[in-house]
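Peer 1: Mapped onto my numbering, the consecutive letters of the sequence shown carry residue numbers 202 to 555. C-beta atoms are modelled at their ideal positions from N, C-alpha and C, and glycine is treated no differently.
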Amino acid sequence: MTDQNNSTNDVDDIDVTDASDVAGVAEVDATGETESVTKQDVPYRSGFVAVVGRPNVGKSTLINALIGKQIAIASSRPETTRKAIRGILTADHAQLVLVDTPGIHRPRTLLGQRLNDVVDESLADVDVVAFLLPADQEIGPGDKRILSRLRTDFATKREDGTFKWRIPLIAIVTKIDELGRQQLINKLIEINDFADFSDIVPVSALKHDNLAEVKNVLIEHTPEGPQMYPDDQISEERPEDTIAELVRGAFLETLDDELPHSLAVVVDSIDYPEDNETGQGYDGKAQVNVSIYVERDSQKPIIIGKGASNLTYVKKKLRTPVNRIVGQKAKLDLHVKVAKGWQSDPKQLERLGF
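(1) Could you pull out every residue in the same chain whose Cβ sits closer than 6 angstroms to the Cβ of R287, ignoring the five residues on either side in sequence?
(2) So I289 packs on I435, CB below 8 angstroms; how close in whole Å?
(3) In chain order, what residues of the same chain have a beta carbon less than 6 angstroms from the beta carbon of P424, not counting five sequence neighbours either side?
(4) Give every residue of the same chain whose Cβ lies closer than 6 angstroms to the Cβ of S276, excluding the five residues on either side of it in the sequence, and list them in chain order.
(5) Can you tell me where the beta strand (DSSP E) holding I471 begins and where it ends?
(6) Applying the criterion that 16 or more other CB atoms from any shown protein chain within 10 Å of the CB defines a buried residue, is H409 buried or exposed?
(7) Just curious, the beta strand (DSSP E) that L412 is in, first and last residue?
(8) Hey, how far is the Cα of V258 from the Cα of F332?
(9) Could you have a look at A451 and say whether DSSP puts it in helix, strand or coil?
(10) With DSSP run on the structure shown, which of helix, strand or coil describes R350?
(11) Could you pull out every residue in the same chain whose Cβ sits closer than 6 angstroms to the Cβ of K538, ignoring the five residues on either side in sequence?
(12) If we ignore side chains and look at the alpha-carbon of each, how far apart do N490 and D484 end up?
(13) Between which two residues does the beta strand (DSSP E) containing N490 stretch?
(14) Starting from T521, trace the alpha helix (DSSP H) both ways and give me its first and last residue.
(15) How many Å lie between K541 and L464 at the Cα?
(16) I need the DSSP call for I401, collapsed to helix, strand or coil.
(17) Please report the straight-line C-alpha distance between P342 and S349, rounded to a whole angstrom.
(18) Looking at the structure shown, is G254 part of a helix, part of a strand, or coil, going by DSSP?
(19) Can you grab the Cα-Cα spacing for the pair R382 / V374, in whole Å?
(20) Measure how close the beta-carbons of I377 and V415 come, nearest whole angstrom, since I'm counting them as under 8 angstroms.
(21) By how many angstroms is the C-alpha of P335 removed from the C-alpha of K358?
(22) Of the choices N511, D433, K516, A531, whose alpha-carbon is the least far from that of A487?
(23) Below 9 angstroms between beta carbons: does that hold for L412 and L267?
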């Protein structure tokens, strides 16, 4: 659904005045000779798209679906994303850097405040904002707080009380598979009245419904610019950070609701056999040394599991993706440690990368 009052530059809208304007068509002159026709240039578009919304509205799921690979943890638990993960989507004549931000919320700990600070930093230099609103939930106070923050950062208030946006604000209506047709229509009308969006796009990232339209709309609103990353690069995260997120995501699948908030993961090092003069202890594999931090001693056995079952599960689940990230066969070495009260300790938060 497009706001008719907003003008957009369509990547695919090429004015073809005659056959010779179409790429790949050759003109035939009076002598019967053919001459090549210059292919009409399509402007390349590139930029940063901040994906924002309340916790647990499907931000990570959408980014993973658009890119086609998992680069961010997708979980039903709120506050899963803790850092601004940047995924790179490369298409014909366009490249988008999708910034997966932590869910904006009222912080209960210093960690929660740091997560909100991450959102502020992520919004500093973006070209487009994608505001995710779940179709199966009412627009609530959290959504209104986010809209207010976006208006402060990216809009100018007119005399009549409306707002003029300095960058495109796209509403992505997620989880549309949860609603019937008429319910969805009513929801789209409600969201249209909520703010002056440049575009409104419904999507089910889980079922891959309307993903192509989401991609096209984001590209349409991205400014012209050069390609920033190679075609095959899908993330700008360090291997250590990517592996740490995969480990934390794997533990999220096995733990109770509260414990994941007490969990922090750091990859201490990736040691390669060729870097070891003796080569002993490596068995020809790279060794990925990972520290898993909890807040209390009583939480350690829960993380480890009976007979180290949780550690075994995580190692088995991540064997293939870790090998791919490291570029060779790798051994995942997991160590569970205690960092008491780390969520509210500034020094420990800094040491853990927050």
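Peer 2: Walking through what the data contain:
(1) What you label residue 287 is simply residue 86 of the sequence shown in a count that begins at 1. Closer than 6 angstroms at the Cβ level, and outside the excluded window around R287, lie V298, V300, E437.
(2) For the purposes of this step, residue 289 is identified with residue 88 of the sequence shown, where counting begins at 1. For the purposes of this step, residue 435 is identified with residue 234 of the sequence shown, where counting begins at 1. Yes, I289 and I435 are in contact; Cβ-Cβ is about 5 angstroms, under 8 angstroms.
(3) If you number the sequence shown from 1, residue 424 lands on position 223. Within the same chain, P424 has close Cβ partners G248, D328.
(4) Taking the sequence shown and counting its residues from 1, the one referred to as residue 276 is at position 75. In this prediction, S276 has a pLDDT of 48, which is less than 50 and means its spatial position is unreliable; what the coordinates show is noted afterwards. Excluding sequence neighbours, S276 sits near L453.
(5) Indexing the sequence shown from 1 puts residue 471 at position 270. Where I471 is concerned, the enclosing beta strand (DSSP E) stretches over 465 to 472.
(6) Taking the sequence shown and counting its residues from 1, one reaches residue 409 at position 208. When all chains shown are included, H409 counts as exposed.
(7) Translated into the one-based positions of the sequence shown, residue 412 becomes position 211. Per DSSP, L412 belongs to no beta strand (DSSP E); it is in the alpha helix (DSSP H), 412 to 421.
(8) As a first step, residue 258 is located in the sequence shown; it is residue number 57 there, counting from the start. As a first step, residue 332 is located in the sequence shown; it is residue number 131 there, counting from the start. About 10 angstroms.
(9) To locate residue 451, count along the sequence shown from 1; it is residue 250. A451 falls in the helix class under three-state DSSP.
(10) Residue numbering aside, residue 350 sits at position 149 when the sequence shown is read from its first letter. Residue state, collapsed to three classes: helix.
(11) In the sequence shown, counting from the first residue as 1, residue 538 sits at position 337. If we look at K538 and ignore the five residues flanking it on each side, its Cβ neighbours are S492, Y494.
(12) Your numbering for residue 490 matches position 289 in the sequence shown. Your numbering for residue 484 matches position 283 in the sequence shown. Going from the Cα of N490 to the Cα of D484 covers about 15 angstroms.
(13) Residue 490 sits at position 289 when you count from the first residue of the sequence shown. Its beta strand (DSSP E) spans residues 487 to 495.
(14) The residue you call residue 521 lines up with position 320 of the sequence shown. Where T521 is concerned, the enclosing alpha helix (DSSP H) stretches over 510 to 527.
(15) Along the sequence shown, read from residue 1 onward, the residue named residue 541 stands at position 340. Along the sequence shown, read from residue 1 onward, the residue named residue 464 stands at position 263. Those two C-alpha atoms are separated by around 11 angstroms.
(16) By one-based count along the sequence shown, residue 401 stands at place 200. Reduced to three states, the DSSP call for I401 is strand.
(17) As a working mapping, residue 342 is identified with position 141 in the sequence shown. As a working mapping, residue 349 is identified with position 148 in the sequence shown. Computed Cα separation, rounded: 10 angstroms.
(18) Mapped onto the sequence shown, residue 254 falls at position 53. Of the three classes helix, strand and coil, the one that applies to G254 here is coil, per DSSP.
(19) Indexing the sequence shown from 1 puts residue 382 at position 181. Indexing the sequence shown from 1 puts residue 374 at position 173. R382 and V374: Cα-Cα distance of roughly 14 angstroms.
(20) As a working mapping, residue 377 is identified with position 176 in the sequence shown. As a working mapping, residue 415 is identified with position 214 in the sequence shown. The pair is not a contact, with the Cβ atoms about 11 angstroms apart (cut-off 8 angstroms).
(21) Along the sequence shown, one-based indexing puts residue 358 at 157. Along the sequence shown, one-based indexing puts residue 335 at 134. Spanning the two alpha carbons is a distance of roughly 27 angstroms.
(22) Indexing the sequence shown from 1 puts residue 487 at position 286. For the residues N511, D433, K516, A531, the minimum Cα distance to A487 belongs to A531.
(23) Locating residue 412 in the sequence shown gives position 211, where the first residue counts as 1. Locating residue 267 in the sequence shown gives position 66, where the first residue counts as 1. Yes.
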